[in-house]
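Trainee: Chains as they are written, first to last, in this note's numbering: chain A, 272 to 551; chain B, 87 to 467; chain C, 20 to 467; chain D, 378 to 878.
C-beta: ideal position from N, C-alpha, C; glycine also.
1. Would you say residue 612/D reaches chain A, if we count a Cβ-Cβ gap shorter than 8 Å as a contact?
2. Identify whether residue 198/B lies in helix, strand or coil by the three-state DSSP scheme.
3. Ignore the nearest five residues each way along the sequence and tell me which others in residue 508/B's own chain have a CB closer than 7 Å to its CB.
4. So does the segment 417 to 427 of chain B actually touch the segment 378 to 393 of chain D, counting three or more Cβ pairs closer than 8 Å?
5. Counting only beta-carbon separations shorter than 8 Å, does residue 470/A have a partner in chain B?
6. In chain order, what residues of the same chain lie with their CB nearer than 8 Å to the CB of residue 234/B, ignoring the 5 residues before and after it?
7. Does any C-beta atom of chain A lie closer than 8 Å to the C-beta of residue 643/D?
8. With respect to 7 Å, is the separation between the Cβ of residue 437/A and the closest non-hydrogen atom of the ligand GDP below this value?
9. Could you say which of 263/C, 461/C and 178/C lies nearest to residue 850/D if we only look at CA atoms?
10. Along chain D, in chain order, which residues have C-beta atoms closer than 9 Å to that of residue 200/C?
11. Examine chain D for any beta-carbon lying closer than 8 Å to the beta-carbon of residue 218/C, and answer yes or no.
12. Within its chain, find whatever has a CB closer than 7 Å to the CB of residue 484/A; leave out the 5 residues flanking it on each side and keep chain order.
13. Would you report the Cα separation of residue 282/B and residue 392/B, rounded to the nearest angstrom?
14. Residue 148/C CB to nearest chain D CB: under 8 Å?
15. Does DSSP put residue 379/D in a helix, a strand or coil?
16. Count the other C-beta atoms from every protein chain shown that fall within 10 angstroms of the C-beta of residue 189/C, then say buried if there are 16 or more, exposed otherwise.
17. Under a three-way DSSP split, which group does residue 402/C fall into?
18. With 16 other CB atoms within 10 Å as the buried threshold, where does residue 154/C fall?
19. Take the Cβ of residue 747/D as the centre, count every other Cβ of all protein chains shown within 10 Å, and call the residue buried at 16 or more, exposed below.
20. State the Cα-Cα distance for the pair residue 871/D and residue 472/A, rounded to the nearest angstrom.
21. Name the residues in the segment 560 to 580 of chain D whose C-beta lies less than 8 Å from a C-beta of chain A; which are they?
22. Strictly below 7 Å CB to CB, what residues from chain B border residue 384/D?
23. Helix, strand or coil, according to DSSP, for residue 322/D in the structure here?
24. Take residue 717/D and list the residues in its own chain whose beta-carbon comes closer than 6 Å to its own, dropping the five residues that flank it on each side.
25. To the nearest angstrom, report how far apart residue 483/D and residue 467/D are at their CA atoms.
26. When we look at the beta-carbon of residue 750/D and count the other beta-carbons within 10 Å, is it buried (16 or more) or exposed?
27. Excluding sequence positions up to five away, which residues of its chain have a Cβ less than 7 Å from the Cβ of residue 169/B?
28. Is any beta-carbon of chain D found at less than 8 Å from that of residue 89/C?
29. If you draw a straight line from the alpha carbon of residue 831/D to that of residue 719/D, how long is it in whole angstroms?
30. Does the segment 291 to 298 of chain C come close enough to the segment 356 to 366 of chain C to have 3 or more Cβ pairs within less than 8 Å?
31. Give me the Cβ distance between residue 726/D and residue 455/B, rounded to the nearest whole Å; I'm assuming they're in contact under 8 Å.
32. Give a yes or no on whether the minimum CB-CB distance between residue 202/B and chain C is below 8 Å.
33. Do residue 540/D and residue 529/D have their beta-carbon atoms positioned less than 8 Å apart in this structure?
34. Where do the N-terminal and C-terminal ends of the beta strand (DSSP E) with residue 289/C fall, by residue?
35. Helix, strand or coil: how does DSSP classify residue 821/D here?
36. Please report the distance separating the alpha-carbon of residue 576/D from that of residue 132/B.
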């Protein structure tokens, strides 16, 4: 028992028990103090183990942060607008960030996006028309209430901003076509070609569209053919387009008749639910 | 006779708010149906964790924030972009046709997220689909409803898919992986049992509209990450046995009055929580006394799922019950309940009853062999 | 695919229709295999012999694969009796000594290698023995009791034949392994599965026939066994009410419980002899002695069985009676208990576990219920096949000995079975089957 | 029954009880201990591992952000290097010639519990199909490490092997506690019974063992409380530092994470070595050496396969592979159980109490009995009758071996007769008597001699299956259906780690 290691291990156990007692008694201050002691004791144990033991590996250098690129100074809503314009469909913040990172320089975080969305309605209502465009939510086809998960652009038509049962798929396919076109353009241009992020984004779309992947798929994005993706997406789009268009058109007609201008942008209040009941 | 039972159950719970049933607690009914204590605590909607803690046995069940975050992130990813990933796997497994993509979000109804509104809206759209007048294929977070032992239970599957042939499928999205076509059976089991509650609730909903049970498949679709990737894959789980097992347990719940009738008058598990400092005012000893009035059936695997397990284990230890050692030992000592009895018979200190004579002979023989051996190798331990 | 139309009203006619369809498929060279599912006592052996004879007549030299030496001996005995003109070979391991019934048969040769049996037109052996044969291939194999043959065993013998007739009872016990591993679950070629399922999994389109008539089970038993263990396929009893009957030689006196139970069984074909409720080890003396005493009492009083084979009645002997148990130690104890009954013939009563009683037939079977006296039911004890074997061995009556409390045990049974992906649940479910049996037995209950 | 009684005794006395005389598992002189930790909710995401061949020689590897694919493989490579260095040290000394030569020693990896094996299995599966070139390339050692891990995990499924073992299994094989098998899987609880810390009663030690503040879980899962209270914030700080790119902050965050994880894993590390020294104090069973020889052979043959650049193990067994493995596993289990009963009087007694073996005193012996064999030879077949108190449930015809007789002794039960409270068993001695017509002295039990018999697991022919490229029609899909299981999955490279969102 004369081994200092044993003695230290004992005091470590004692410390742990004391921590348990302190936490059980709700004494967090004492517990964290004891924790610090425990940590010191554990370090001492390490030191005792072997004087020659190599020091803990030096932390691996972190990959260098991407240098701030041009365009980074644009306000966030400009980034969002640009990404949405590329997609041409209502989109969730995550996809907007994805499109942004794939095709545009600068920082855009999802958290920034959500605070942005809260501001839009307030800013519109305080002075409608003060801005060239707003970023309102999409509208549900039945209740015409806001679909808060999806962001649109106020300059789009109501049809574009309404979400019917088929719209998520239609918008996904449309988005796939637009992204493929953008990748294609980048590949044709004189620059560096599409970014890895862009190829990755396209790949994520393509794997979920029948026949959009090359036949002998080795499974990674570099093998993708944007034109094939476009063709495949169009083929499936043809299946859904009519049904989707009909619902969106009907709903927008209804919206134009029953909703005020600002409601046409930011959606009917949820009292609309009673209307639904009556209809059902 | 219904009212008195409900009153007795309410009295058992006391001043605390009733804990409503959910898919998880319904699934837990299958774990240890023999346990009276658990049945009463569940039926009365008592807070088992709080009771166990006040009795001196805080339950160690907690969910890691990582698991929670991962579960949510995976489900969101699967449903991103118009359920793109989900559609791909459902087209593979359920053979959904190309036009079957219509998506209805039932997480709220025009911003109204109350259970009742969502339940009504869910009923409306699912019945439309079943009757061929709706065009939904994917129903995101519908709100189902089931009456359990006279209490309401709101149940929220991850997704219900409706196939063109007129069948609903419960789709469970889980973040544990399917590696080379296999997943952890315990996790599959718990996901399946929860899905069974949805199957039963959905069937109940359709039944009111005169639609038979075959409209809801008892094959559940499990969507989970494939291998070590983040991409989903889907697998079928044949839940027929679990559906009938859970149906049985729900039926047993209706018979809770048999158990309630056996309880002493005035028994309650009320903690008498102080309105201000949220601490129980009831003396812990008093609670312990109340708990002891009710028989519990402890099994070691209760430690994996029941909040009361540590309490019950302590009780079983105090009673020297062989339950502590688990079914393997119990099985060998059939008919003997306690350590005291087993060793008393083995050492010949207790006289066996006629019932026990076989076991006593076997125990004495085993004890003799052990004595010979430990004599040879120098005593036990 | 299921092919047979079994709506024929007359059992014999229905069975003929099925047999004709099976033989037609055998003659049809498009099929690599033909499967025949046979409920208990549906004339499986008759079919095997008929098929062997037909194949031989068509110029084939078929082999027959059975699972145990007893099964091989029985098959050979039947074959030579029905077709004394066909030379039959018995492929055996060293150390095998044929039972008396086979010793004097002129057209049977026992050999250790195929060379010893060159002149035989049909060669019969156990799967284990066939697994040692190399480099010979036959046109046809008839695989008897093939639902009890594990997939890995089939793999060892499959190269010995081009095409196979798989015959067996899907309701009986599945093969098992002592090795606990989940690594093969969900694979179509899981080696712990039975050979028939694995073969069908890889060969869609194989014709699957079903024999529609149980010639063994009396009309009192066929519907219950059908409902409990074969819920998705129907079969009927081959005999009418009244064709089979049991009667006592002597009037009962003295031991009333036993007599009451025997009377119930004789009158209705079923009896549940229920002992008082207790949790007991599986070796519980009282249960075991009661099972033995029932047999002893039956022998003591003497019984006459009437049936289609013996319309004028035939006295039952100890060899007509079996006692079925779950565990081997129970069987050992029952054998000892039989000697204690004092009846000189009692030791001749067959006593065995469900596994070993598979494929056998008796007039009266006494069963120690797998769940009797248990505190909880394990998957092993709930396994449908086990109860199915025990409840379907009899031609006249089945007596179940159990402690009270099985209903409660089932009622509070937790469903803890692991659930696996993409694996169809095994049906019928053990719990449901037990419920059906218990519901039936409760109508024939005698409290002891 | 005996082991059940041992647990009951332990429960009453609150002390562990021996249930074997020996340790039936080989314990290497230089085992490699690995304690793997994984991140909750993630598919086989390693969080950390502590690894080393001595208590004082330990390495802690931590993945600061387990969701990051590159960091995971950096971790796999680092752990892989340590493990491969250890394995390679056993690929040096080879004995024997030609085909039959094999390495004289084999590695032994010890993990705390079965979960640890599962974690290594997942890691092996994750690594073995990876490629060191092309897209998503990983360091060279990763696939090699993955294949070796898979090999070791596969062997651990086979009874009696010792190359990868959970320490809890080794401990609970020897010591019976007064708790359930479920609780026995918790290393701290098990150690609380076997060797409670100085000054603590078993009861107190047990309470401590289930308290994550005192005994953090032995993994692979960490305690949810630790995750939420300490680990999640620390990972967040690391991520933040990583994003901001300040090297000083990053180093601090990383050091903090290391300290946190070290605090969680070190109590288990120390306990592992205490457990190992406890196990060392239990004498090794005689037949362990023979089984270890088989380990060496299988280690050698896999090593040669790797040297020849063999493919990684398949995702799932083929029909023939599965059948072969099943036969191997069944055989090994039957042999191991017989070996244990043969070596160990405690195990034998357990089987005696169940009637599966018996011991007694010879009452009568007919050493001169002869029979004529099928080959017409006269051979000695003595009859020996024993009287036993054991509840014998073996039937006539059962083949027997005996640990009390010289090697090679074989017998078969001729008859079993109950006689009052005892049983008379007559056996025919069939082997181990030498080649002459009279049995060698000492090979036939004599009256008054005490001896034990147990069933002979016997010799079984190794089953012969079709060649692996000739799966027969019963076990393979038809020609028009594709074989879905090629040796290397086509999507190996595509098995990417997904979007980290």
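Mentor: According to the structure data:
1. no
2. strand
3. The requested residue 508/B does not occur in the structure, where chain B is confined to residues 87 to 467.
4. yes
5. no
6. 107, 112, 336 and 339
7. yes
8. Among the components modelled here there is no ligand, and therefore nothing to report on the ligand GDP.
9. 178/C
10. 534, 702, 703 and 706
11. yes
12. 477 and 478
13. 20 Å
14. no
15. helix
16. buried
17. coil
18. exposed
19. exposed
20. Residue confidence for residue 871/D is low, a pLDDT of 44 falling below 50, so the modelled location carries little weight; the figure read from the coordinates is stated next. Taking the straight line from one Cα to the other gives about 15 Å.
21. 574 and 575
22. 411 and 415
23. The structure shown does not extend to residue 322/D, since chain D is modelled only from 378 to 878, so the question has no answer here.
24. 401 and 724
25. 6 Å
26. exposed
27. 189 and 224
28. no
29. 8 Å
30. no
31. 4 Å
32. no
33. yes
34. 289 to 294
35. coil
36. 40 Å
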